[in-house]
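So the structure is just underneath, and the comments pick up after that.
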Amino acid sequence: APITSPDISKCTTGTNLNTQKPLDINCCPPQSAEIIDYQLPPVTQMRYRPAAHLAGKEYYAKFEKAVALMKALPADDPRSFMQQANVHCAYCNLTYPQTGDPKLKLQIHNCWHFFPWHRWYLYFYERILGNLIGDPTFGLPFWNWDNPAGMVMPERFAVQDSPLFNPRRNQTHLPPTPTDLAYSAKSPTNPKKIIPNNLTIMYGEMVRNVKKLEDFYGAKYVVGTKPDPGPGSVERGSHTAMHAWVGENTASGEDMGNFYSTGRDPLFYSHHTNVDRLWTIWRNQRSGPKQPKDFPDSDWLNADYLFYDENARLVRVKNSDTLENEKMGYVYQEVDLPWLKNRP
Ligand code: C2O
Numbered sequence: 070a071p072i073t074s075p076d077i078s079k080c081t082t083g084t085n086l087n088t089q090k091p092l093d094i095n096c097c098p099p100q101s102a103e104i105i106d107y108q109l110p111p112v113t114q115m116r117y118r119p120a121a122h123l124a125g126k127e128y129y130a131k132f133e134k135a136v137a138l139m140k141a142l143p144a145d146d147p148r149s150f151m152q153q154a155n156v157h158c159a160y161c162n163l164t165y166p167q168t169g170d171p172k173l174k175l176q177i178h179n180c181w182h183f184f185p186w187h188r189w190y191l192y193f194y195e196r197i198l199g200n201l202i203g204d205p206t207f208g209l210p211f212w213n214w215d216n217p218a219g220m221v222m223p224e225r226f227a228v229q230d231s232p233l234f235n236p237r238r239n240q241t242h243l244p245p246t247p248t249d250l251a252y253s254a255k256s257p258t259n260p261k262k263i264i265p266n267n268l269t270i271m272y273g274e275m276v277r278n279v280k281k282l283e284d285f286y287g288a289k290y291v292v293g294t295k296p297d298p299g300p301g302s303v304e305r306g307s308h309t310a311m312h313a314w315v316g317e318n319t320a321s322g323e324d325m326g327n328f329y330s331t332g333r334d335p336l337f338y339s340h341h342t343n344v345d346r347l348w349t350i351w352r353n354q355r356s357g358p359k360q361p362k363d364f365p366d367s368d369w370l371n372a373d374y375l376f377y378d379e380n381a382r383l384v385r386v387k388n389s390d391t392l393e394n395e396k397m398g399y400v401y402q403e404v405d406l407p408w409l410k411n412r413p
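Next up, the structure:
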C-alpha cells in the first residue's frame, strides 16, 4: 500500500539525524479541524521561475518583500517562515508514525517520494509568497548550480540586510567561492578541478548513471518499509553535497546541512527549485516505451501528503498530480545545459 498522509495529531519530537539525538525543538504543525482533498486549480496564468543569477533588481525587490512578509506572519500561522521550515523537519526527522504501520516512522527522503514531495512543498511555498505580494505569477528563483554561471551562492542571499540572508552558513563558502558538487568536508576537491568536475557529476546523475527509474527517483517506499530504502542519483549526489556545502562546518551542519533546520535558510528553496527543475529536464529527455518517465505503480502515484496552502487550509495532495509542472502552473526559465556535453 502507498505511503499516505500522517495523522498530524500523532506528531512527536523528532530526531536530529546528524547526531541521532532527540531534537530540542518541536516542529509539529498546527492542527486543523478540516482536511481538504486538493484539486489543482485551472491554470490561467503561468508562474515563471527564473535562474537566481539572471533575475534582475525588480524581481529581487518583489521576492525579498514576499519573504519579509512571510517572516512577519504570526508564529502560529502555518504559512509563517518558521512553520514552513518546520514542514521539512516534521516530514524528515521521524516525527510521524507511518500510517498503516505505526511501529515505523515516516521519512520522505532517500526514496522514490523525494521529487514529488519536494515539488509540493515548493508549490505551496511559492503560492504563499505570491499571495503575500498579490502576484499570481510569482515564481521561486532556481539556484542554477549545474551551470558554471550559477556555481556560486546567488549574490542577494549573501547580503546581510536582505531577508534572504542567513548567518548559519559555512562562512568560507560565500561568493565568489565556487560551489562544489562533490563537496565533503573531509576530502576537499582540488579548486582548479571544481567546475569541470561539477559538470561531470551532473552528466553522471542525469544521463550516464540512470538506466532504471529507481536510479533517478530512488527506491520504492511503501507501508511497512523502514525509512531510507535508498536515494536516486541527484538526491544522493549534487543535492546532498550542496546541502552540506552551504551549512555550517560542524557535526550538526545548521542550517542547510541538517534536515530539521534546512528550511530555515531561504536558500534552501532555491536549491530545491533547481532540484525540481532537474526532474523536469530529466523527464523531458526520456521518450518512448523503453524510457518511462515515472512509475506506473499505484503505490507511487497514490502516495499522499498534507500541506497548508496559501489560504492556510490543510490540504491532501498526491504524487499523481505532480508529473507535469505546467499543469501545476509554473515553468522554468530555459538556460543552457553545459553538462550534457560532458560525457567523460
Ligand atoms: Cu528535503 Cu534537500 O532535502
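Numbering-wise (mature numbering (1 follows the signal peptide of the UniProt record, and there is no 0)), the sequence shown opens with residue 70 and increments by one.
Every residue, glycine too, gets a C-beta built ideally from N, C-alpha and C.
Residue nearest to S78 in terms of C-alpha spacing, selected from R225, C97 and T319: Reading the sequence shown from its first residue, position 9 is the one you call residue 78. Ranking R225, C97 and T319 by Cα distance to S78 puts C97 first.
Helix, strand or coil: which one does DSSP assign to Q240? Looking up residue 240 in the sequence shown gives position 171. Helix.
Just grab the DSSP bridge partners of D106 for me. The residue you call residue 106 lines up with position 37 of the sequence shown. Bridge partners of D106: R385.
Return the residue from the list Y107, T82, T309 and N162 that minimises the CA-CA distance to A251. Here residue 251 refers to the residue found at position 182 when the sequence shown is read from its first residue. Considering only alpha carbons, the answer is T309.
Specify whether the segment 134-151 and the segment 239-256 touch according to this definition: at least 3 beta carbon pairs, one from each stretch, less than 8 Å apart. With a cut-off of 8 Å, the segment 239-256 and the segment 134-151 do not count as touching, because too few Cβ pairs lie within range.
Please report the straight-line C-alpha distance between residue 432 and F226, rounded to a whole angstrom. Because residue 432 is not part of the residues shown, which for the chain are 70 to 413, the question remains open.
Cβ of T331 versus every heavy atom of the ligand C2O: is any distance shorter than 7 Å? What you label residue 331 is simply residue 262 of the sequence shown in a count that begins at 1. T331: yes, Cβ under 7 Å from the ligand C2O.
Say whether the segment 220-237 touches the segment 401-411, bearing in mind that this needs 3 or more beta-carbon pairs closer than 8 Å, one atom from each stretch. no
Backbone CA spacing between T168 and A70 [nearest angstrom]: Counting from 1 along the sequence shown, the entry for residue 168 is found at position 99. Counting from 1 along the sequence shown, the entry for residue 70 is found at position 1. When rounded, the distance between both Cα atoms is 10 Å.
Taking the straight line between their C-alpha atoms, what separation do you get for L163 and F328? As a working mapping, residue 163 is identified with position 94 in the sequence shown. As a working mapping, residue 328 is identified with position 259 in the sequence shown. Their Cα atoms are separated by approximately 10 Å.
Of the residues F211, T82 and E379, which one's Cα is nearest the Cα of P110? In the sequence shown, counting from the first residue as 1, residue 110 sits at position 41. Comparing Cα-Cα distances from P110 to each of F211, T82 and E379, the minimum goes to E379.
Could you check whether F207 and R116 sit closer than 8 Å to each other, using their CB atoms as the reference points? Taking the first residue of the sequence shown as position 1, residue 116 is located at position 47. Taking the first residue of the sequence shown as position 1, residue 207 is located at position 138. R116 places its beta carbon less than 8 Å from that of F207.
First through last residue of the beta strand (DSSP E) which encompasses R188: Taking the first residue of the sequence shown as position 1, residue 188 is located at position 119. Premise fails: R188 lies in the alpha helix (DSSP H), F183 to L201, not in any beta strand (DSSP E).
If I follow the unbroken beta strand (DSSP E) through F376, where does it start and stop? The residue labelled residue 376 in the question sits at position 307 within the sequence shown. Here the beta strand (DSSP E) through F376 covers D373 to Y377.
Examine the Cβ distances between the segment 83-91 and the segment 357-377 and report whether three or more of them are shorter than 8 Å. Verdict: no, contact absent.
Assuming A135 and I202 form a contact by the criterion Cβ under 8 Å, report the distance between their Cβ atoms to the nearest whole angstrom. Taking the sequence shown and counting its residues from 1, one reaches residue 135 at position 66. Taking the sequence shown and counting its residues from 1, one reaches residue 202 at position 133. Yes, A135 and I202 are in contact; Cβ-Cβ is about 5 Å, under 8 Å.
List the DSSP bridge partners of T84. If you number the sequence shown from 1, residue 84 lands on position 15. According to DSSP, T84 bridges with P91.
Are the CB atoms of S256 and Y274 within a distance shorter than 8 Å? Locating residue 274 in the sequence shown gives position 205, counting from the first residue. Locating residue 256 in the sequence shown gives position 187, counting from the first residue. Here residue 274 turns out to be Glu, not Tyr, going by the sequence shown. No; because the gap between Cβ atoms is not below 8 Å, this pair is not in contact.
Is the segment 384-403 close to the segment 189-202, with three or more CB pairs under 8 Å? yes
Tell me, please, which residues DSSP counts as bridged to Y401. Taking the first residue of the sequence shown as position 1, residue 401 is located at position 332. Y401 pairs with R118.
Using a threshold of 7 Å, is the CB atom of C96 nearer than that to any non-hydrogen atom of the ligand C2O? Reading the sequence shown from its first residue, position 27 is the one you call residue 96. Outside the cutoff, so no.
Measure how close the beta-carbons of M311 and T269 come, nearest whole angstrom, since I'm counting them as under 8 Å. Your numbering for residue 311 matches position 242 in the sequence shown. Your numbering for residue 269 matches position 200 in the sequence shown. With 8 Å as the limit, M311 and T269 do not qualify as a contact, their Cβ atoms being about 16 Å apart.
Please report the distance separating the alpha-carbon of I94 from that of Y377. The sequence position of residue 94 within the sequence shown is 25, counting from 1. The sequence position of residue 377 within the sequence shown is 308, counting from 1. Roughly 20 Å between the two C-alpha positions.
Taking 7 Å as the cut-off, is the CB of C161 close to at least one heavy atom of the ligand GDP? Ligands in the displayed structure: the ligand C2O; the ligand GDP is not one of them.
Any heavy atom of the ligand C2O inside 7 Å of the beta-carbon of H182? Within the sequence shown, residue 182 is the residue found at index 113, counting from 1. Not so, every heavy atom of the ligand C2O lies at least 7 Å from the Cβ.
To the nearest angstrom, report how far apart D145 and L336 are at their CA atoms. Within the sequence shown, the letter at position 76 stands for residue 145. Within the sequence shown, the letter at position 267 stands for residue 336. So the two alpha carbons sit approximately 23 Å from each other.
So which of V292, N394 and F364 has the shortest CA-CA distance to D170? As a working note, residue 170 is residue 101 in the sequence shown. Looking at the Cα atoms, V292 is the closest of the given residues.
Short check: CB of Y374 to CB of W186, under 8 Å? Start at 1 with the first residue of the sequence shown, and residue 374 comes out as number 305. Start at 1 with the first residue of the sequence shown, and residue 186 comes out as number 117. It is a contact, given that the beta carbons lie within the stated cut-off.
So, with DSSP's three-state summary, where would you put K131? Counting from one through the sequence shown, the residue named residue 131 turns up at place 62. Note: K131 maps to helix in three-state DSSP.
Which listed residue (G287, W314 and Y286) has its alpha carbon closest to that of M240: As a working mapping, residue 240 is identified with position 171 in the sequence shown. Sequence check: residue 240 is Gln here, not Met. Of G287, W314 and Y286, the residue nearest in Cα terms is W314.
Where does the unbroken alpha helix (DSSP H) through D368 begin, and where does it stop? Position 299 of the sequence shown, counted from the start, is the residue given in the question as residue 368. Element bounds for D368: S367 to L370.
CB-CB length for N267 against M220, believed under 8 Å: As a position in the sequence shown, residue 267 is number 198, starting the count at 1. As a position in the sequence shown, residue 220 is number 151, starting the count at 1. That belief holds up - the Cβ atoms of N267 and M220 are roughly 6 Å apart, short of 8 Å.
Report the three-state DSSP secondary structure of D324 (helix, strand or coil). Your numbering for residue 324 matches position 255 in the sequence shown. D324 falls in the coil class under three-state DSSP.
Could you check if H187 belongs to the surroundings of the ligand C2O, using beta carbon to heavy atom distance under 7 Å? Numbered from 1 along the sequence shown, position 118 holds the residue referred to as residue 187. Within 7 Å of the C-beta of H187 there is at least one heavy atom belonging to the ligand C2O.
Can you name the start and end residues of the beta strand (DSSP E) that P265 belongs to? Your numbering for residue 265 matches position 196 in the sequence shown. From DSSP, P265 is part of no beta strand (DSSP E) but of the alpha helix (DSSP H) over I263 to Y272.
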